[in-house]
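Residues in the sequence shown are numbered consecutively from 1, following full-length UniProt numbering.
The beta carbon of each residue, even a glycine, is placed where N, CA and C say it ideally should be.
Notes follow once the structure below has been shown.
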Amino acid sequence: MKAAVLHDTLRGLPVAPLSAIVPGTALILAPHADDESLGCGGLIAACCAAGRPPLVVILSDGVGSHPHSPSWPAPRLRAQRQHEALRAVSCLGLAAERLLFLDLPDTAVPHAGPVFERSVRQLAHLCRDHGCGIVLAPWRGDPHCDHEAAWKMAVALQARCGVGLLAYPVWGWLLAAEAEVEHEWPVGMRLDIAPYHRAKARAVSMHESQYGNLITDDPTGFSLPAALLAALVTDFEVFIRP
Numbered sequence: 001m002k003a004a005v006l007h008d009t010l011r012g013l014p015v016a017p018l019s020a021i022v023p024g025t026a027l028i029l030a031p032h033a034d035d036e037s038l039g040c041g042g043l044i045a046a047c048c049a050a051g052r053p054p055l056v057v058i059l060s061d062g063v064g065s066h067p068h069s070p071s072w073p074a075p076r077l078r079a080q081r082q083h084e085a086l087r088a089v090s091c092l093g094l095a096a097e098r099l100l101f102l103d104l105p106d107t108a109v110p111h112a113g114p115v116f117e118r119s120v121r122q123l124a125h126l127c128r129d130h131g132c133g134i135v136l137a138p139w140r141g142d143p144h145c146d147h148e149a150a151w152k153m154a155v156a157l158q159a160r161c162g163v164g165l166l167a168y169p170v171w172g173w174l175l176a177a178e179a180e181v182e183h184e185w186p187v188g189m190r191l192d193i194a195p196y197h198r199a200k201a202r203a204v205s206m207h208e209s210q211y212g213n214l215i216t217d218d219p220t221g222f223s224l225p226a227a228l229l230a231a232l233v234t235d236f237e238v239f240i241r242p
């Protein structure tokens with residue numbers, strides 16, 4: 001399937017009520033601080049408004065976005081990324097205690113091995129302690145190693161805890177139109193987030209280190225592409241069934 005067909009299919013998925021997407025409490029896995037707002041910001045706001053705030057876990061420490069900045073060494077950047085995430089989820093109505101950080105290495109979140117297994121155990125404990133019945137993770141077709149790792153953790157968590165599983169696309173929206181996508185035909189639903197559009201946009205804007213204006217002394221530094229923001233800060237969010 002061409003990526004253009006994939007994107008059209010995702011945009012045409014049926015709209016479902018929040019209760020059909022997240023029937024209880026959700027555990028949302030974000031590979032990096034900002035993925036929670038980009039992929040699930042509207043859903044987080046909707047869950048909070050419904051009195052069912054999710055638990056959001058950011059997997060990586062985020063220091064890989066500007067690895068060569070002399071003024072933002074890893075400890076300072078890690079603290080900044082966490083501060084931004086806390087401000088972002090606050091915009092969505094989520095309390096600070098519902099946001100957790102695993103501090104795994106950015107661009108090297110494990111796909112297997114002892115640290116992977118330890119992380120899944122941590123997530124399983126969180127799932128049980130907070131009564132989470134479903135886990136949301138990045139779509140396995142997202143072309144980013146940390147997103148793929150997050151998906152693998154979610155699959156392992158489902159096997160361990162028997163929770164539901166849904167995927168949300170992030171970088172998959174930027175696949176070139178003519179690119180061949182070697183994944184099954186997407187089945188899922190969209191959530192209407194028009195009532196929370198402004199809250200989501202504000203949450204995304206809280207991740208100021210990712211916009212290229214705060215950290216200016218690393219020419220290799222990451223900056224959120226305008227095309228990604230245009231694809232994700234809309235009036236709907238997509239959730240794909242595995």
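Thinking C-alpha only, which one of Arg198, Trp173, Leu59 is nearest Phe101?
To locate residue 101, count along the sequence shown from 1; it is residue 101. It is Leu59 whose Cα lies nearest to the Cα of Phe101.
From Leu43 to Glu180, what distance separates their C-alpha atoms?
Position 43 of the sequence shown, counted from the start, is the residue given in the question as residue 43. Position 180 of the sequence shown, counted from the start, is the residue given in the question as residue 180. Rounded to the nearest angstrom, the two C-alpha atoms are 29 angstroms apart.
If Ala30 and Glu36 are in contact, beta carbons under 8 angstroms, what's the gap, nearest whole angstrom?
In the sequence shown, residue 30 corresponds to position 30, counting from 1. In the sequence shown, residue 36 corresponds to position 36, counting from 1. Indeed, because the Cβ distance is near 4 angstroms, the residues count as touching under 8 angstroms.
Cβ-Cβ distance between Ala26 and Leu191 below 7 angstroms:
Stepping through the sequence shown from its first residue, residue 26 is reached at position 26. Stepping through the sequence shown from its first residue, residue 191 is reached at position 191. No, the pair does not count as a contact, with Cβ atoms beyond the cut-off.
Checking the sheet assignment: what are the DSSP bridge partners for Gly188?
In the sequence shown, counting from the first residue as 1, residue 188 sits at position 188. Partner(s): Ile240.
Hey, out of Glu148, Gly133, Met153, whose CA is closest to Pro53's CA?
On the sequence shown, residue 53 is found 53 positions in, with the first residue counted as 1. Nearest option by C-alpha distance: Gly133.
Give the list of continuous alpha helix (DSSP H) stretches no shorter than 4 residues that lie fully inside the region 60 to 104.
74 to 91
Of all the options Asp218, Ser205, Val233, which has the alpha carbon lying nearest to the alpha carbon of Pro195?
Translated into the one-based positions of the sequence shown, residue 195 becomes position 195. Closest option to Pro195, Cα to Cα, is Val233.
Please confirm if the region 199 to 211 is in contact with the region 83 to 98, defined as three or more CB-CB distances below 8 angstroms between the two stretches.
yes
Let's see if you can read the secondary structure: which residues bound the beta strand (DSSP E) around Gly133?
For the purposes of this step, residue 133 is identified with residue 133 of the sequence shown, where counting begins at 1. Here the beta strand (DSSP E) through Gly133 covers 132 to 138.
Take the Cβ of Trp72 as the centre, count every other Cβ of all protein chains shown within 10 Å, and call the residue buried at 16 or more, exposed below.
For this step, residue 72 is matched to residue 72 along the sequence shown. Buried, because 16 or more other Cβ atoms sit within 10 Å of the Cβ of Trp72.
Please classify Gly164: does DSSP put it in a helix, a strand, or coil?
Position 164 of the sequence shown, counting from 1, holds the residue named residue 164. Three-state DSSP puts Gly164 in a strand.
Grouping DSSP H, G and I as helix and E and B as strand, with all else coil, what is Ala159?
Counted from its first residue, the sequence shown places residue 159 at position 159. DSSP places Ala159 in helix when its eight states are reduced to three.
If I measure Cβ to Cβ from Phe116 and keep anything under 6 angstroms in the same chain, skipping five residues before and after, which residues do I get?
Position 116 of the sequence shown, counted from the first residue, corresponds to residue 116. These residues qualify, in order along the chain: Pro110.
Does the separation of the CB atoms of Pro242 and Leu165 fall below 7 angstroms?
As a first step, residue 242 must be located in the sequence shown, where it is residue number 242. As a first step, residue 165 must be located in the sequence shown, where it is residue number 165. In contact: Pro242 and Leu165 (Cβ atoms closer than 7 angstroms).
Just verifying my parser: in three-state terms, what is the DSSP assignment at Val22?
Here the question's residue 22 lines up with position 22 in the sequence shown. It is coil, neither helix nor strand.
Assuming Asp106 contacts Gly64 (C-beta within less than 8 angstroms), just tell me the rounded distance between them.
For the purposes of this step, residue 106 is identified with residue 106 of the sequence shown, where counting begins at 1. For the purposes of this step, residue 64 is identified with residue 64 of the sequence shown, where counting begins at 1. Yes, Asp106 and Gly64 are in contact; Cβ-Cβ is about 3 angstroms, under 8 angstroms.
Among Val163, Arg121, Asp218, Gln210, the one whose alpha carbon lies nearest that of Arg81
Indexing the sequence shown from 1 puts residue 81 at position 81. Here the closest residue by C-alpha is Gln210.
Is Asp142 closer than 7 angstroms to Gly172 when the C-beta atoms are compared?
Reading the sequence shown from its first residue, position 172 is the one you call residue 172. Reading the sequence shown from its first residue, position 142 is the one you call residue 142. Against a cut-off of 7 angstroms, the Cβ pair of Asp142 and Gly172 comes out as a contact.
What's the gap between the Cα of Leu157 and the Cα of Ala79?
Along the sequence shown, read from residue 1 onward, the residue named residue 157 stands at position 157. Along the sequence shown, read from residue 1 onward, the residue named residue 79 stands at position 79. For Leu157 and Ala79, the distance between alpha carbons rounds to 28 angstroms.
So who's on the other strand from Glu180, going by DSSP bridges?
On the sequence shown, residue 180 is found 180 positions in, with the first residue counted as 1. Its beta-bridge partners are Lys2.
Taking just the CA atoms, how far does Gln122 sit from Ala226?
Here residue 226 refers to the residue found at position 226 when the sequence shown is read from its first residue. Here residue 122 refers to the residue found at position 122 when the sequence shown is read from its first residue. Straight-line Cα distance between these residues: approximately 35 angstroms.
Give me the residue from Asp103, Leu94, Thr220 with the minimum Cα distance to Cys48.
Counted from its first residue, the sequence shown places residue 48 at position 48. The shortest Cα separation from Cys48 among Asp103, Leu94, Thr220 belongs to Leu94.
For the alpha helix (DSSP H) containing Asp35, name the first residue and the last one.
What you label residue 35 is simply residue 35 of the sequence shown in a count that begins at 1. Element bounds for Asp35: 35 to 49.
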